[in-house]
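Chains as they are written, first to last, in our numbering: chain Z, 1 to 313; chain L, 314 to 606.
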């Protein structure tokens, strides 16, 4: 197991390196002169040249990359071109909203998706199954921004149950925070719920077809016990994996959702950074998001290997 | 397999893929929807231009006789704008996904068949690109190139290409070991011809299903970019941008974002269901997950 762990972490390093090269090069393609954006169009050429030197933009590309990556390795993600704040501390400020949103969405998805998937599998080829499967397709086909618009329209503007947007920190006002998190979390969780439902239904049906289930039936065990204790337990392994692999999709969803609900998270940080051409912020925030996704995938693989004793490494 | 012979008469596994597909309920929903979107895209240049003109006398009017789906914040007819927006969706599904399909297939074929250091190098690059959440990578590409439809298409092609490469490579790795491939190789069929004539036809089914799924993802990505203001720029119509405009006026007009969003939803659902139906139609002998009771 230790050897496997070391090997997996070793595989992560080249991927992270490629990610940082891709990210760095992509953002250097940026057309226009960033110093003009910062100083305004009427700044003198000398001022702009001074700022370029100050920001390290006059160095060759490879040196800029080494400077950046060297900083990243020591936890220094550079400074925002717009506010001069350290990027790392901006990100730390923005993480709680995104992490909370993601966690609540995931909880909702699991709490609804697994029972719904079990129900669909047990009532296979009935109206219940069709309805649940159909709802799953509907959820997978609804873009997050559209669902968000519909939810705001119905629950915030028509029924006036929740505020349409905004954020308060959980530590300041826990109830206010949760009330404002409901619609965003439902939005982000909608696609994950569908994936969890599909996977639960599929793997439970597969598990119910196994020989040991027939044996359990032959011994006269109750159907409910067979499903919940024997089949579901084995069916859960792929569900855990597939759910965890949704983390990338979840991050994509939070970008859009945070923007609509004006939550101060990583998504709005990236989108606003793009609009204001604040390169170091976009670069740092995207790198943190990608690293996080890769780490979750790694942990998922490890948990999977640990859950399923048939896997050898 | 005694049960198979009894069901064979109803299932008719020998039927060609197309006729099996046409008998599938999901395809019967999906194909007309996609045909309607394509038709709308083709018809939009022929449409009466007056309905798209801005008109301050009819701002944000709800659905009615003159404007079946109402008018937007500039008084333009929402139905006409949806018809115009269909063009963007068709371009995304054909041009962006098509480019990714061609490029990804070439890379995947090459990497999978050649193997060795080239394969290792290409696949690490693919891993690196796939590590980005899709929309985050698309945003980064748009950040680099600037907003606009053309750059959004490039961004979508960039995020989709590694996905095709990964799938094709996987298929090629398993096909490569088959006897008929070795046989073709031994009798001296050139690599390029072998890939094109012997391997590619076997990938067609997988590629068709995967392309339909990627089309739905690509349409969501474009709509999301346009919603964020980084894709299609006004005054050009795009369903995502229309939903965005609608969310600014939710209290004044409920219908403004509902209908363009519905157009996106139906198109995406159509591609998802088409992919499912196509997979089943191609794969008639697939062992059913049904425990058989």
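Even glycine gets a Cβ: it sits at the ideal position worked out from N, Cα and C.
Close-in-space but distant-in-sequence residues of the same chain around residue i (CB under 6 Å, 5 per side omitted)
i                      : result
residue 543 of chain L : 455 and 460
residue 151 of chain Z : 183
residue 253 of chain Z : 144 and 188
residue 19 of chain Z  : 290
residue 442 of chain L : 475
residue 596 of chain L : none
residue 573 of chain L : 395, 552, 555 and 556
residue 317 of chain Z : Residue 317 of chain Z falls outside the range modelled here, since chain Z spans only 1 to 313, and no answer is possible.
residue 570 of chain L : 556, 559 and 560
residue 592 of chain L : 522
residue 35 of chain Z  : 48, 51 and 52
Of the residues the options, the one placed nearest residue i, counting alpha carbons only
i                      : options                       : result
residue 73 of chain Z  : Z:287, Z:307, Z:54 and Z:266  : Z:287
residue 77 of chain Z  : Z:88, Z:47, Z:181 and Z:221   : Z:88
residue 484 of chain L : L:415, L:516 and L:389        : L:516
residue 509 of chain L : L:575, L:426 and L:563        : L:426
residue 251 of chain Z : Z:122, Z:301 and Z:265        : Z:265
residue 121 of chain Z : Z:133, Z:112, Z:110 and Z:111 : Z:133
residue 237 of chain Z : Z:40, Z:308, Z:66 and Z:128   : Z:308
residue 101 of chain Z : Z:247, Z:200, Z:82 and Z:225  : Z:247
residue 418 of chain L : L:574, L:518 and L:355        : L:518
residue 578 of chain L : L:448, L:549, L:402 and L:498 : L:402
residue 568 of chain L : L:392, L:550 and L:413        : L:392
residue 482 of chain L : L:523, L:424, L:359 and L:429 : L:424
residue 282 of chain Z : Z:5, Z:249, Z:13 and Z:26     : Z:26
residue 262 of chain Z : L:350, L:593, L:335 and L:541 : L:541
residue 545 of chain L : L:397, L:357, L:368 and L:380 : L:397
residue 446 of chain L : Z:224, Z:249 and Z:214        : Z:249
residue 365 of chain L : L:580, L:594 and L:550        : L:550
residue 82 of chain Z  : Z:62, Z:53, Z:61 and Z:40     : Z:40
residue 208 of chain Z : Z:124, Z:91, Z:22 and Z:59    : Z:124
residue 23 of chain Z  : Z:304, Z:65 and Z:8           : Z:65
Proximity below 8 Å, CB of residue i to CB of residue j
i                      : j                      : result
residue 167 of chain Z : residue 97 of chain Z  : yes
residue 38 of chain Z  : residue 51 of chain Z  : yes
residue 444 of chain L : residue 15 of chain Z  : yes
residue 511 of chain L : residue 500 of chain L : no
residue 79 of chain Z  : residue 85 of chain Z  : yes
residue 108 of chain Z : residue 231 of chain Z : no
residue 29 of chain Z  : residue 506 of chain L : no
residue 433 of chain L : residue 400 of chain L : no
residue 56 of chain Z  : residue 563 of chain L : no
residue 347 of chain L : residue 566 of chain L : no
residue 375 of chain L : residue 383 of chain L : yes
residue 75 of chain Z  : residue 197 of chain Z : no
residue 520 of chain L : residue 339 of chain L : no
residue 228 of chain Z : residue 113 of chain Z : no
residue 191 of chain Z : residue 135 of chain Z : no
residue 449 of chain L : residue 274 of chain Z : no
residue 243 of chain Z : residue 110 of chain Z : yes
residue 5 of chain Z   : residue 302 of chain Z : yes
residue 513 of chain L : residue 588 of chain L : no
The ligand FMN heavy atom lying under 7 Å from the CB of residue i
i                      : result
residue 519 of chain L : Absent from the structure shown: the ligand FMN. Ligands present: none.
Same chain only: Cβ atoms within 7 Å of residue i, ignoring 5 sequence neighbours per side
i                      : result
residue 451 of chain L : 468, 469, 472, 534 and 538
residue 406 of chain L : 528, 531 and 532
residue 439 of chain L : 475, 478 and 479
residue 71 of chain Z  : 77 and 78
residue 524 of chain L : 410 and 414
residue 416 of chain L : 474
Cutoff 8 Å; reference residue i; Cβ partners in own chain excluding five residues on either side
i                      : result
residue 170 of chain Z : 96, 100, 177 and 178
residue 148 of chain Z : 183, 184, 187, 256, 257, 260 and 261
residue 337 of chain L : 590, 593 and 594
residue 334 of chain L : 340, 590, 591 and 594
Item to check | Members of the segment 424-441 of chain L that neighbour chain Z once the beta carbon cut-off is set at 7 Å | outcome: Within the segment 424-441 of chain L, contact with chain Z at the beta-carbon level (separation under 7 Å) is assigned to 437, 438, 440 and 441.
Checklist entry - At what residue ranges does the segment 275-311 of chain Z contain a whole run of the alpha helix (DSSP H), taking only runs of 4 or more? => result 279-307
Item to check | Contact set between the segment 490-503 of chain L and chain Z, restricted to residues whose Cβ is under 9 Å from the partner | outcome: none
Checklist entry - Where are the alpha helix (DSSP H) runs, 4 residues long or more, that stay fully inside the segment 338-362 of chain L, in chain order? => result 338-356
Checklist entry - What are the start and end residues of each continuous alpha helix (DSSP H) run of 4 or more residues lying completely inside the segment 150-212 of chain Z, in chain order? => result 174-208
Item to check | Runs of alpha helix (DSSP H) wholly within the segment 96-150 of chain Z (minimum 4 residues, chain order) | outcome: 127-141
Next on the checklist: List, from N- to C-terminal side, the alpha helix (DSSP H) runs of 4 residues or more that fit wholly inside the segment 231-276 of chain Z.
Outcome noted: If one requires a minimum length of 4 residues, the alpha helix (DSSP H) runs lying completely within the segment 231-276 of chain Z are 232-244, 247-260 and 266-275, in chain order.
Item to check | Near-chain L residues of the segment 206-240 of chain Z (beta-carbon distance less than 7 Å), N- to C-terminal order | outcome: 206, 208 and 209
Checklist entry - What are the residues of the segment 447-470 of chain L that lie near chain Z, defined by any Cβ-Cβ distance shorter than 8 Å? => result Here the close residues are 447, 448, 449, 452, 453, 454, 455, 456, 457, 458 and 459.
Item to check | Under 7 Å (Cβ pairs) to chain Z, residues found in the segment 580-597 of chain L | outcome: Against chain Z - using a Cβ distance shorter than 7 Å - the residues of the segment 580-597 of chain L are 581, 582, 585 and 586.
Checklist entry - Between the segment 281-312 of chain Z and chain L, which residues of the former have a C-beta closer than 7 Å to a C-beta of the latter? => result 282, 286, 289, 290, 293 and 294
Checklist entry - When you check each C-beta in the segment 559-570 of chain L against every C-beta of chain Z, which residues fall closer than 8 Å? => result 559, 560, 563, 564, 567 and 570
Checklist entry - Listed in chain order, which residues of the segment 131-151 of chain Z have Cβ atoms closer than 9 Å to some Cβ of chain L? => result 137, 138, 140, 141, 142, 143, 144, 145, 146, 147, 148, 149 and 150
Next on the checklist: At a CB distance below 7 Å, what residues from the segment 4-36 of chain Z approach chain L? Give them in sequence order.
Outcome noted: 14, 15, 18, 19, 22, 23, 26, 27, 29, 30 and 31
Checklist entry - Quick one, which residues of the segment 370-400 of chain L are near chain Z if we go by CB-CB under 9 Å, in chain order? => result Cβ contacts with chain Z: none found.
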